[in-house]
Amino acid sequence: MASKNSGRKQTPPGGAGMSRREALRQAQAAQAAHQKRVRLALIVVCAVAIIAVIVVVALGATGRIGRGTDEPTATNLGEQITPPHANADGSGILSPLNSNDSAPTLVIYEDYQCPICQTYEEQLGPVFSSLASSGQIRIEYRTRTFLDQNLEQLNAAKGTAESSKRAAMAAVCADQVGKFQEYHDAAYAAAPAQEGDGYTEEQLRSEIAEAAGITGDDLTTFQSCVDENQAQTFVENVEQAGMDAGVTATPTFQVNGNPVSFQGVDITSEESVLEAIRAAA
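For the sequence shown, this note's numbering assigns the number 472 to the initial residue and increments by one for each residue that follows.
Below, the structure is given as structure tokens:
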């Protein structure tokens, strides 16, 4: 999220010759710097919100705000779904790779528009997947979509408004046809090269779906789900749960509500990564 030079075809931060550990270290430093900016931004947002409330109250008192009948309504909102791999309280999606229900659950808060999330996914995603497949951990994905607000103007200029939310909904739709993990990974592989570029409808409906292996009748089902926004309620509930949990930055890693840090961890070693996860359990 804090980096603007990560993408599908770019080398990790620092250049092609840099080690994966150093690339991740730089990503962690960028994330820490971003969190400071987020805190400052929240202060500004709160101040603006207070001013806005005062203006609304003042205008309402003078009768300058009408009560028009044209209330905003959702368009193309089909029957809402709960994905097959939703967790018990609907606050996230469990990876289909999970093979041991008693293993510690690594919760990953992520935003599909977040460049640092893409860097972590590139560096640690295969390790997490291997650990889940071998039954040593469980993975649970929880999307945040606040970058839709942070990047609103940039997305709008590119015609890719609400890219975070739309990508999250598309991934949920992919779970309906048994391709969540594949779509999740393909979406990050196709992540915008520059923060603010966002995802086009063609990418989400067709290109990433094709990369995830969604074809035939499954593709028809998937695209219908996307077109009718059938995952909207689920994704909005996941977003609200993330807000309620106080998660304000992505990526955020937790086990049992405890933060997991991979700083100083040999990310090429499954044993080292697993040790860091277990230490937070």
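Heads up, the beta-carbon is just placed ideally off N, CA and C, and yes, glycines get one too.
Sub-9 Å separation of residue i and residue j beta-carbons
i, j, result
"D646", "I564", "yes"
"F705", "V643", "yes"
"Q674", "Q551", "no"
"G669", "N621", "no"
"E623", "T576", "no"
"A662", "Q725", "no"
"A574", "T614", "no"
"S566", "F651", "yes"
"V736", "F599", "no"
"K629", "G667", "yes"
Minimum C-alpha distance to residue i - residue among the options
i, options, result
"G713", "G561, A680, A752", "G561"
"A559", "V697, N708, E653", "N708"
"A641", "Q694, G667, P597, T631", "Q694"
"T739", "S601, Q589, R676", "S601"
"T671", "A632, D688, E653, A664", "A632"
"E471", "A628, D698, A603, D656", "Because the chain is modelled from 472 through 752, residue 471 falls outside the range shown and cannot be assessed."
"S604", "Q734, E741, A747, D715", "E741"
"E593", "A660, E699, A664", "A660"
"Q734", "Q589, L595, G717", "L595"
"R676", "L690, Q665, A664", "L690"
"Y447", "E581, G717, I685", "The chain is shown from 472 up to 752; residue 447 falls before or after that span and cannot be answered."
Neighbour-count burial assignment, residue i, 16 or more Cβ in a 10 Å radius
i, result
"S732", "exposed"
"S635", "buried"
"L548", "exposed"
"Q703", "buried"
"T616", "buried"
"A683", "buried"
"Q711", "exposed"
"D619", "buried"
"G539", "Confidence is the limiting factor: at G539 the pLDDT is only 31, short of 50, which leaves the residue's position unreliable, though a coordinate-based value still follows. Classification of G539: exposed, given that the 10 Å Cβ count is below 16."
Residues bridged to residue i [DSSP beta-bridge criterion]
i, result
"Y580", "R613, T723"
"P730", "Q725"
"L565", "E611"
"A557", "I564"
Neighbourhood of residue i by C-beta, 6 Å cutoff - its chain only, sequence neighbours within 5 removed
i, result
"A751", "V726, N729, V731"
"A658", "Y583, A638, I679"
"E746", "none"
"Y591", "P722"
"E699", "N547, G549"
"V697", "A641, C644, R676"
Other residues of its chain near residue i: CB distance less than 7 Å, five sequence neighbours each side excluded
i, result
"G606", "S570, N571, A574"
"R749", "P575"
Residues near residue i by beta carbon distance below 8 Å, same chain, minus five either side
i, result
"T553", "G561, F705"
"R609", "L565, S566, N569, N571, D572, A574, P575, T576, L577, A603"
"A523", "With a pLDDT of 43 at A523, under the threshold of 50, the modelled position of this residue cannot be trusted; read the value that follows with caution. Answer for A523: no residue qualifies."
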